[in-house]
Structures are given as structure tokens and as C-alpha cells.
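Everything below concerns the one structure shown next.
Residue numbers (the numbering used here), protein chains in the order written: chain A, 976 to 1405; chain B, 610 to 921; chain C, 1006 to 1310.
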């Protein structure tokens, strides 16, 4: 799930980062699988037999993975080049609440003579449902990589003409200019990137987490001292994925029931070890001493530091960032909606948000989610005193994303059920 | 016994100390010390935490456990790093949404509920038992069941109803109707039919009897039930959350819930206090109107008794 | 004097409203539970026609409701919490209701007001108040550690970490449930105790019963409807509670069946399972409610009018 999907009445202080949540599934023991096969979905090409990550999704394409790039087919031609932007009237952005700096929106509106509005959705799934049902008709929309194939299949987004978006080539990290889930950036440009790591306080947690053997995730299985002060993200993918990583398994999109079941069993050990909690609120709980050790997103560390920590906490907060291949790094994107009446302007918005100044301001002045722009350099932020040296690793850089990076991506329907049922087992506390 | 009379000794000597202590405690005619202690302990346990929460909404620091002095900044401050109740847009928005839903709920649920109460109390035909049974169910249905069912209803059947305020209002009215019925019905029983029959004997038509006799007699219960509907609508959390549509349709209980799961601030206590004051004001107003209109009726005129006898 | 159609006509709007917005939604849940899921949009596709019902989801849930399954453990835990909370409410609430109804003559109005007050205070505010008090450094936490009650609780095995009540303790959840629901229990109980005629008790005393026996054989049976009413009023909604454990605990080891339903309805490929669990939970509660109505029916036959 996307971090913004923490169903909270978010003020702009809530910097939420979550990985795309639609594609989560869990398989349980044999009885589950038997029951699952009786209850697969109607029609459509979905839900082939589990365990094959390259099985077809509804688009008839293989499921995209970092090592299985996918080119989304163009169902129509992009708009012609060289047209003038439309002006006047409203320009509607469809996205999570409080996710774009109003100053960035206002500047765009002023430049092109439109009134920029935001229509919010609480989570990407309900957003897609609204787009599909026609309840909303925005110009541009937020999207996540594990849903891009779905919305292209349902023709909810338009193909892009990249000549309107020169900032993509100019400013964006190379690995995201031509991402594996959308080769050639036919439909999307990236917006923010975030990783999942461990947020902790050095005034209570004395272990040297980044150098723990066999890997830092092991701290949770030795957290007896932090009983009741430890939490994982309340995310189907993130929890089970973390247990997989703990065992050294980097296939975060596995649909193997044995692996997933074992991961759930590992997670269940945590009940007795540290009475593990689940929640998505670590940006405030760790910063305010309600928790000492948490699985967290990179933006949580930044927002916790900036907005929730008192002086002592500011010094004590640390974040372990797994880096490429050791932990999941997710991103989200912008797309142009097929319902737009201002297609040229929509392309220009995508270009606008990738501008270095706009992206930087949006990040630091407002939402705390980092844009994958090469000019955003963690060293800069430490020099300017915005982030302390101790948290400089919360800012990702281009090398963090690459062919071996791990990302939660779309699963087959049965895979999704597998993961969700496993998480349900974990949540039952039994 | 004759021995006791002869010797003049009192009965006390025949009972052990334990027996006397027990008698002292459990004597139904004497002062029930044990019960007094239990009751007042309960009352204090029940109310003191809320008083402490109110106190800390005025705390001059972010702490909710250590008192640092009195201030109203969590209510009124416009400083950018303080989410004050009256100036932070999301807190204000939540207050407005709660008020809006409560108002709409009262306006819609009270008439429907009053009519339903009249109908159920006086309907003698077939179907009245079933209707009565139907009316009782929302009172005991778990809110998550109602939330899920309304969510699915508006997603798949009544898709014309958008989520957010319309769906939330419909949900609130659905569980409020039963409360109105129970309260108004109690009042109907205590009024009886005699007044309307007297009016009919004096030549009033049914319409006039309804309008000029029954309705004024019912008015106190109507006002009381409106106050109660207002209170339960403001307090509602589950239905509002399941039928909401983003940040604009967040209510105060949802805000408190979210803040409580993270780390509550004094402004959370503050907004809870504000909502509590508004609710109490509405209830007190309702009770006062009730007592005003039922003055001189004698008997069990206590509003509390009427409310307490929830028809169960 | 009123036309026969008048009262049914008055009842009509309410009945229609409840039919459309209370009964019909259950059919929506049924339709989803026996339906399927759209593979592209991951939304539920309800099956309205019973002939097309897909029983797979409900079967799956029932399988997991067998001992050893996922939902079985959660359900058992929920039943434990509810029963313990009910017991707590009875133990605390009965003496209070008894005292106010039978003894408190001078202070009765005041006590009634104080009793009813929690109704008008938002449930969430009352939970928030407890979070404040039980946090490390809060008044309750300091009180409990100063008086060593928390050591006592730890030794009795009620609390696994006496310094962190909010760290996922069943004890805290049960106390929170009691605190939250007890006003709804006390009031009907009070109403029924209040209606008991003093003369019954006096008769019992005159016939030689000790106060305790008078209570046991006269008051208690006469208050049975109130007890049952209060119990129903809190037990049924408590089964669906998911927010109380989330607020005071947050750990999977204290989750209730409502948390499972909540999980399936917020993203993911199986809203059908959430609907199936909801249906089964509702059936269970209907059975409980049926038992209550049957008991009331029998009780009202046994007692004098």
C-alpha cells in the first residue's frame, strides 16, 4: 500500500509512505489453497494457477518485475507534438490528500492561467474504482507501479507524448526514466520514491542495528527487551516481505505457499518475543517514545524528526536504509487521465512536477516524500541543516534503484489471496 | 429468651462480631455502606478520566501526563506549529462535519421516528409485531456489521448515493430512528389515550386531536429524543468512518481515533472537550424543555427515568 | 376514533426506511459473500440470484472457523473478552444499580445524572482519557505503580508488563471494554430494579428471610429481565468492536473478530471473505438474540404481570 493510505485524517504533517498495496495476497495451508481454487474470480483472464510469477495478467502481458521489464502497449496514439497548452477553467488533480504543495499547484496555475484543484482519494484502489465508474473526471492522476497495467487495461490513462516532458530525461534518475514496469515511459512519470527500513531510537535500543548479523531485520526476533514497544507496518506485503528478507529470500513477489507460510510462522514467533504490534503511525510513535523500534518507511524518519520529535528524540532517532537489493524500494507515478479535457496542460503538469525546484520545494516544504531527481542530494540537506547527519541515509539516491532492487509488484489473483490470508493469520494473533 | 429477659442482657452478646459486621453491611433497612462505597467509586472511576482529559487540554506543553500550567493555546492559537482546535483546518473541518451530520440526522430521524413510534404503539393489526422487532434490531446490531452492510449497499445496490456526507447521513438516521421510537413510545404509554378520547368526546376531529392534543403532549419526548439523536450522531465513529469519502468528511470521533492511535496532543483532548460541551448543552437544553413542558404532571416525571427505561 | 389506516400509515415511512437501509444492506452483504471478485478492478461482484451463488468464500471461512483455523482463535478470544467484560460489568454494575434504585433517596437525582453522563461523552473521548492515564507517566500508571497494584497484577499473571499497560495487554483491553460499555449495562438494569416493588422485599422479610436470601430469591429473579436486557445491549455490539483493541493495544495478540473483517475490506482481493465473516457473525448474534427473546418470553410468563 502507499503510505498515504494510512486511513487517517491526515494533516500535512502526515508523511506517509507505503508501497503499492493492491497486489497483496497470501496463501495459507493446504486447506486454503483448496478453498481458493473453488472461489477464483469470474471471467477475465486473471487467476492462473499460483506459483508462476510470469503468468499473464489481464492485459495479456507478463507481470512486471525488476528483472522482467514490460512494455505497455499503446491502445491509441499519444497527442500530437507542438500544441499550445489549454488555458482557463479548472485543472483537476486526482491524488492522495495533502500530497502536493499548494504553492507548487498555485504557481502552475498562475503560469498557465488555470485554477488547480485537488480531488482526493483515500487509497489507490478506491481511486481506480472511481476513475473506472466515471464518478470523477480528473486531468491527471497519481498511480502506483503495481496498478499501472490494470489502469491501462481499463483504458483509464492516456499514452504520453514525451516531447512535452523534457524534464524526464533531464532530471530524473536513469533507472526511473525507463522503468521496468513501463518501458519507454509510455504512460507514466515517477513522482516519489521511498524505501522500507527500520526506525529506532538509540536512547533505548542499544544494539548496532545496521551491522547486525545475519541481517538487521533480525533485531525483531531478539527484541525481548522492547516488549510492547515494537511494531511492524500494518501492511500485508511489508510484514511478510520483511520475514522473507529476514531469511535471506529476496523474491518479494513469490507466490510459493511454502515460503509465504513459513514467513507467517516466523512472524508469529514475534508475539512471544516482543508482543509485536502493527500500525502505520511510527512517524509519531517512535518520535514520541511510544515505540522504540519500528519497521518504517524512509519518509517517516524525516517527518518524525521534523515534526514530532523533541530535542532528545531528534538526537536519538535513527533509520536503517537497506539499500539496493536488501530491502524494498517503491515509487509512485503520475499519469494523464483519459477523461482530461486539457491533455497538453496535463503533460505540462507532469513536466512541472519533475522540475528540480518544484520537486525540491514539494519535498522539503510540504510532503516529505522524496522525488527521484538527480539534484536532490542528501549531502545538500545535511549541509543546509535540514536533516541531521544521523538521518542523512533516509534520503535515497540513484544507485539505490537498479536492476537488483526489490519492489513489491502485481501478483496473480491467487498470489494476492495467498498473501492476504497469511497476513490475516498473522493478525489473528494465534 | 427468658434468660435474656431475666438477665437484661442485650441481643448483641448472642451474635459474633462477624455476624454483627455482616448485619451492619447488608442490612437492607440500614445504610448500605458497602454499596455506597462501590457506587461512588464507580462514579469517580467513570468520570474522573474525562475530567483529567479536559484538564490536559489546557496544558501548557505537549505532554498529556505532566502538568505544566494553564493555557488556552490548544484551542485558539494561530501559531503554525500548533494544531489548535479552532484554527487548524482539519480539526475545524471535523467539527463542522460532525455538526452537519448531527443536525441533518436530527432533522430527518426525529419526524420519522416519532411517526414510527405512534404507529407501532397504536397499530393493532398484523405486521405490527414484525415492525416492532425490526425497529429493535439496530439497537443491538454491532456497528461494524452495519458499517459493512451500508458500505456494500452503497457500493453495489444504491450506487446513486455518493460516499461522504450523503451516505453518512443515511447511516446515522438508520440507527437513530430506533432511539427516537423507544423514547417517544415511553412517553406515549404514560400519556395514554384518555386525553384524545376526551377531545373526541368534546367533538374534535381526529386531525385536531392529533394536532392540538397529542402533539403538544408528546412535545417533551420529541425534544428529548432530538437531543439524544444529536448526541449519538456526534458520538458515532464506526458508521462515519466506513461511509466517509476522504479528509473532508472526517468527523471528530474519527479524528480522535486517529490521533489516539498515533500520539494524542492536547488539541485532541481539546476537540473532544469541545464536542462534549456541545453535546451536553444540547442534552441539557432538551431536558430543560422536557421538564418545562411536563411541569405539574407529577408522578414519574423524571426525564432520566424516561430515558433510562429504554423499553427493554 | 382514528381511522384504521392511520397508525400503519404513520409507521410506514419508518418501516420503509429501515427496510431499505437496514434490511436490504444485509442482502448486499449476502450478495457479495456469495459472489466473486473482478480480477482487473479487484472489486466485489455480487451475485443477486441465489442460483448463481458461489459458496466457496463462505466455505473457506467456515473451514478456518474450525478449531485450529485462523478465525477460530480470534473468535474464541473475542468470546473470552466479551464474557469477561460482561462479568466485570455485572460485578461492578449490579451493586451500583442496586444502590441507586433502592437506597439513594436524597442523592438519587444527582447519582442518576452522574450515571447517565457517560452516555453524552463520546466513547472515543473516554478511551482517549484512558490512554492519557495509562501512558507511562500518566496519573493512573503512576498511581498503580506507587501503590504496587501493578506488581500485584503482574504476580497474578494478569499483566505481562506492569510498566506498559498500552503494550498489547489483554487486561487493558478488557478493562477498556468494561469501562466503555458499562453505562449501557447499568441503565436498563437500574430501570428494572427501580420498578421492583418494595412490598415484595418487605414480604420476604416478614416471612423470615435474611437480607441476603431476600436478595437472592426476590430481587435477583425480578431483575432478571433488566440483567438480560443490559447484557444483550452490550454483548452484541461488543462482538463487533475492533476499535477498542486498536486504541489501547494495537497488537495482533489482542485482536478481535472485527479486526479481521476490517482487514478484508480495505484493499485486497477478498472483500468476499470480509462479507462472509460478517454474515456468519450476524447469524451467531441472531442466535444469541433469539435466545434472549425466548428467555424474556418465558420470564414474562413466569412472573406476575
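Ideal placement from N, C-alpha and C gives every residue a C-beta, glycine not left out.
On a predicted model such as this, the values are computed, not experimentally measured, just so you know.
Within 8 angstroms, strictly: CB atoms of residue i and residue j
i, j, result
"residue 1394 (chain A)", "residue 1215 (chain A)", "yes"
"residue 754 (chain B)", "residue 1245 (chain C)", "yes"
"residue 829 (chain B)", "residue 1133 (chain C)", "no"
"residue 1272 (chain A)", "residue 1044 (chain A)", "no"
"residue 1333 (chain A)", "residue 1327 (chain A)", "yes"
"residue 924 (chain B)", "residue 868 (chain B)", "Absent from the structure is residue 924 (chain B), since the part of chain B shown begins at 610 and ends at 921."
"residue 1078 (chain C)", "residue 1218 (chain A)", "no"
"residue 1156 (chain A)", "residue 1384 (chain A)", "yes"
"residue 1186 (chain C)", "residue 1239 (chain C)", "yes"
"residue 1001 (chain C)", "residue 743 (chain B)", "What the structure shows of chain C is the stretch from 1006 to 1310, and residue 1001 (chain C) is not part of that stretch, so it cannot be assessed."
"residue 1195 (chain C)", "residue 1131 (chain C)", "no"
"residue 860 (chain B)", "residue 706 (chain B)", "yes"
Where the alpha helix (DSSP H) containing residue i begins and where it ends
i, result
"residue 826 (chain B)", "824-844"
"residue 1165 (chain C)", "Here residue 1165 (chain C) belongs to no alpha helix (DSSP H), and DSSP marks it neither H nor E."
"residue 1087 (chain A)", "1077-1087"
"residue 872 (chain B)", "No alpha helix (DSSP H) holds residue 872 (chain B); DSSP gives it neither H nor E."
"residue 709 (chain B)", "698-731"
"residue 1296 (chain A)", "Looking at the DSSP string, residue 1296 (chain A) is not in any alpha helix (DSSP H), and its letter there is neither H nor E."
Residues near residue i by beta carbon distance below 8 angstroms, same chain, minus five either side
i, result
"residue 863 (chain B)", "703, 846, 849, 850 and 853"
"residue 778 (chain B)", "710, 713, 714 and 717"
Cβ neighbours of residue i in the same chain (closer than 7 angstroms, five flanking residues each side left out)
i, result
"residue 679 (chain B)", "667 and 669"
"residue 1037 (chain C)", "1049, 1051, 1276, 1277 and 1280"
"residue 1065 (chain A)", "1089, 1090 and 1092"
"residue 1042 (chain A)", "1378"
"residue 1237 (chain A)", "none"
"residue 1250 (chain C)", "1178, 1259, 1260, 1261 and 1264"
Distance, residue j Cα to residue i Cα
i, j, result
"residue 783 (chain B)", "residue 1288 (chain C)", "20 angstroms"
"residue 814 (chain B)", "residue 730 (chain B)", "20 angstroms"
"residue 1012 (chain C)", "residue 1306 (chain C)", "28 angstroms"
"residue 1206 (chain C)", "residue 1219 (chain C)", "6 angstroms"
"residue 672 (chain B)", "residue 875 (chain B)", "7 angstroms"
"residue 1282 (chain C)", "residue 1043 (chain C)", "20 angstroms"
"residue 1135 (chain C)", "residue 1095 (chain C)", "21 angstroms"
"residue 1213 (chain A)", "residue 1227 (chain A)", "9 angstroms"
"residue 1128 (chain C)", "residue 1056 (chain C)", "43 angstroms"
"residue 1171 (chain A)", "residue 1038 (chain A)", "22 angstroms"
"residue 1339 (chain A)", "residue 1078 (chain A)", "12 angstroms"
"residue 1315 (chain A)", "residue 1018 (chain C)", "43 angstroms"
"residue 1148 (chain C)", "residue 1204 (chain C)", "45 angstroms"
"residue 732 (chain B)", "residue 745 (chain B)", "16 angstroms"
"residue 901 (chain B)", "residue 700 (chain B)", "36 angstroms"
"residue 1247 (chain A)", "residue 1035 (chain A)", "45 angstroms"
Counted within 10 angstroms of its Cβ, other Cβ atoms place residue i as buried (16 or more) or exposed
i, result
"residue 1133 (chain A)", "buried"
"residue 1232 (chain A)", "buried"
"residue 1082 (chain C)", "buried"
"residue 1240 (chain A)", "exposed"
"residue 1337 (chain A)", "buried"
"residue 771 (chain B)", "exposed"
"residue 1060 (chain C)", "exposed"
"residue 752 (chain B)", "buried"
"residue 820 (chain B)", "exposed"
"residue 1371 (chain A)", "buried"
Neighbourhood of residue i by C-beta, 6 angstroms cutoff - its chain only, sequence neighbours within 5 removed
i, result
"residue 1330 (chain A)", "1142"
"residue 836 (chain B)", "891, 892 and 895"
"residue 697 (chain B)", "none"
"residue 1137 (chain C)", "1143"
"residue 721 (chain B)", "786"
Residue i: first and last residue of the uninterrupted beta strand (DSSP E) it sits in
i, result
"residue 1066 (chain A)", "1065-1070"
"residue 1171 (chain A)", "1164-1176"
"residue 1304 (chain A)", "1304-1312"
Proximity test, residue i beta-carbon vs the ligand NAD heavy atom, cut-off 7 angstroms
i, result
"residue 1160 (chain C)", "In the structure shown, the ligand NAD is absent, as is every other ligand, since no ligand is present at all."
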